[in-house]
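*Asks:* Count along the sequence shown starting at 1, add 29, and that's the number in our numbering. By construction, the Cβ of each residue, glycine as well, lies at the ideal position given by its N, Cα and C atoms. Pasting a structure below so you can have a look.
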Amino acid sequence: MGIMERMRLDGKASFVTGGARGIGKAIAVALAEAGSDVAIVDVDIEESEKTAKEIADATGVKTMAIKTDVTNQTDVDQMIAAILKEFGKLDVAFCNAGICMNIPAEEMTLDQFKKVIDINLTGVFLTSQAAAKVMLKQGKGSIINTASMSGHIVNVPQPQCSYNASKAGVIQLTKSMAVEFAKRGVRVNSISPGYMGTELVLNAPHLKALIEQWNAMAPMGRLGHTDELQAIAVYLAGDTSDFTTGSDFVIDGAFSCF
Ligand code: NAD
């Protein structure tokens, strides 16, 4: 079988947290286009339902939308149960939901700091742990976490200490789980995107000046497009990456190189 056929995900079952929009949606589309059934997991159920229908109509795979707060253990357990009921198994977990707060470190309250860590790091722990429990029993599975180039560098000018710390945490959480599960068929990797021109970013009037600054600083002179993350998602989800675990893939147009 040729490489393009071996990269396909036909017959697999996946979930994507934060899958309603932005990067998560682009990843869910890619997994579905490659043949996987996909659950859109997000706090925003209206948008998740729209995304799930759009993907099913376009690709013909089975999709479902599940309202889940990734910081809530009960929600996460119910999400996994719903996926197993509908799809019968879980092959791919994309733990992607995340938020950012741009607040100077000396002004950030404990609640604000904890909120970012809760969603970006604890949420990734809860969802990847819940997925791993199923996958370890199956003896196979691929977990992919969305970190960020901000897990590698302190990007300026905007202050975002909690975000940067949470994403560095995601990278080490990923490597730790990868080592623990390595002999048991479950792989864990992360992707670290640079600045991506998601709809929310491009359409936010308060970000216009910042986007100009980012473009001026970027070696390629532009933001990334969400479709530029799709191929790595399909690769990590599928069996051609069977020897790839504990790796972080930086996709930032060389932004973090200096
Ligand atoms: P986005 O705001 O467009 O989408 C995030 C989604 O996550 C939303 O649909 C939101 O409803 C959902 N979400 C938020 N909190 C949640 C929770 N507690 N439980 C479940 N769902 C929740 O964001 P995006 O730009 O697509 O970012 C997706 C991921 O990529 C995040 O982890 C982000 O940190 C990371 N990232 C983004 C960029 C970028 O430039 N956009 C760069 C690097 C990394």
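When every heavy atom of the ligand NAD is checked, does at least one fall within less than 7 Å of the C-beta of M33?
*Replies:* To locate residue 33, count along the sequence shown from 1; it is residue 4. Incorrect: M33 has no Cβ contact closer than 7 Å to the ligand NAD.
*Asks:* So S276 and I182 are in contact, right, with Cβ under 8 Å, and what is the actual spacing, rounded?
*Replies:* Position 247 of the sequence shown, counted from the start, is the residue given in the question as residue 276. Position 153 of the sequence shown, counted from the start, is the residue given in the question as residue 182. Not quite, the Cβ-Cβ distance comes to about 18 Å (not below 8 Å), so this is no contact.
*Asks:* What span of residues does the beta strand (DSSP E) with D71 cover, start to end?
*Replies:* Looking up residue 71 in the sequence shown gives position 42. First-last of the beta strand (DSSP E) with D71: D66 to D71.
*Asks:* Would L60 pass as a contact of A262 if the rule is Cβ separation under 8 Å?
*Replies:* Position 31 of the sequence shown, counted from the first residue, corresponds to residue 60. Position 233 of the sequence shown, counted from the first residue, corresponds to residue 262. In contact: L60 and A262 (Cβ atoms closer than 8 Å).
*Asks:* Roughly how many angstroms separate the alpha carbons of M130 and G117, rounded to a whole number?
*Replies:* Here residue 130 is taken as the residue at index 101 of the sequence shown, counted from 1. Here residue 117 is taken as the residue at index 88 of the sequence shown, counted from 1. Those two C-alpha atoms are separated by around 38 Å.
*Asks:* Where do the N-terminal and C-terminal ends of the beta strand (DSSP E) with N174 fall, by residue?
*Replies:* Residue 174 sits at position 145 when you count from the first residue of the sequence shown. Where N174 is concerned, the enclosing beta strand (DSSP E) stretches over G170 to T175.
*Asks:* What residue range does the alpha helix (DSSP H) around N244 cover?
*Replies:* Taking the sequence shown and counting its residues from 1, the one referred to as residue 244 is at position 215. It spans K237 to M246 - the alpha helix (DSSP H) in which N244 sits, taken as one unbroken run.
*Asks:* Label M30 either buried or exposed according to how many other C-beta atoms from any shown protein chain fall within 10 Å of its C-beta, with 16 as the threshold for buried.
*Replies:* Stepping through the sequence shown from its first residue, residue 30 is reached at position 1. The residue in question, M30, is exposed, as its Cβ has fewer than 16 Cβ neighbours within 10 Å.
*Asks:* Give me the DSSP bridge partner(s) of V183.
*Replies:* Walking along the sequence shown from the start, residue 183 turns up at place 154. Paired residues: none, contrary to the question.
*Asks:* For F296, does the count of other Cβ atoms within 10 angstroms reach 16, so buried, or fall short, so exposed?
*Replies:* Not covered by the structure: residue 296. The range shown for the chain is 30 to 287.
*Asks:* The ligand NAD and A126: does the residue's C-beta get closer than 7 Å to at least one heavy atom of that ligand?
*Replies:* Looking up residue 126 in the sequence shown gives position 97. Yes.
*Asks:* When we look at the beta-carbon of Q167 and count the other beta-carbons within 10 Å, is it buried (16 or more) or exposed?
*Replies:* Position 138 of the sequence shown, counted from the start, is the residue given in the question as residue 167. That one is exposed.
*Asks:* Quick one: Cα of L231 to Cα of K162, how far?
*Replies:* On the sequence shown, residue 231 is found 202 positions in, with the first residue counted as 1. On the sequence shown, residue 162 is found 133 positions in, with the first residue counted as 1. Cα to Cα, L231 sits roughly 38 Å from K162.
*Asks:* When every heavy atom of the ligand NAD is checked, does at least one fall within less than 7 Å of the C-beta of S177?
*Replies:* Here residue 177 corresponds to residue number 148 of the sequence shown, with the count starting at 1. S177: yes, Cβ under 7 Å from the ligand NAD.
*Asks:* Grouping DSSP H, G and I as helix and E and B as strand, with all else coil, what is G253?
*Replies:* Translated into positions along the sequence shown, residue 253 becomes position 224. G253: strand per DSSP, three-state reduction.
*Asks:* So which of V153, D281 and I173 has the shortest CA-CA distance to P222?
*Replies:* Looking up residue 222 in the sequence shown gives position 193. Of the candidates V153, D281 and I173, the one whose C-alpha sits nearest the C-alpha of P222 is D281.
*Asks:* What does the alpha-carbon distance come out to for the pair I74 and A94?
*Replies:* Position 45 of the sequence shown holds residue 74. Position 65 of the sequence shown holds residue 94. Rounded to whole angstroms, I74 to A94 spans 7 Å at the Cα level.
*Asks:* Under the three-state reduction of DSSP, which class applies to K54: helix, strand or coil?
*Replies:* Along the sequence shown, read from residue 1 onward, the residue named residue 54 stands at position 25. Of the three classes helix, strand and coil, the one that applies to K54 here is helix, per DSSP.
*Asks:* Can you tell me whether G250 is buried or exposed? The criterion is at least 16 other CB atoms within 10 Å of its CB, across all chains shown.
*Replies:* In the sequence shown, counting from the first residue as 1, residue 250 sits at position 221. G250 should be labelled exposed.
*Asks:* Can you tell me the Cα-Cα spacing of I109 and S171, whole angstroms?
*Replies:* By 1-based counting over the sequence shown, the position of residue 109 is 80. By 1-based counting over the sequence shown, the position of residue 171 is 142. Looking at the two C-alpha atoms, the distance is approximately 15 Å.
*Asks:* In chain order, which alpha helix (DSSP H) runs of at least 4 residues are fully inside the region 93-177?
*Replies:* Those alpha helix (DSSP H) runs which fall completely within the region 93-177 and span 4+ residues are 102-116, 139-146 and 152-167.
*Asks:* Would the region 136-148 count as touching the region 73-91 if we require 3 or more Cβ pairs under 8 Å?
*Replies:* No contact exists between the region 136-148 and the region 73-91.
*Asks:* Assuming R216 is part of the alpha helix (DSSP H), what are its boundary residues?
*Replies:* Within the sequence shown, the letter at position 187 stands for residue 216. Not the alpha helix (DSSP H): R216 falls in the beta strand (DSSP E), residues V215 to P222.
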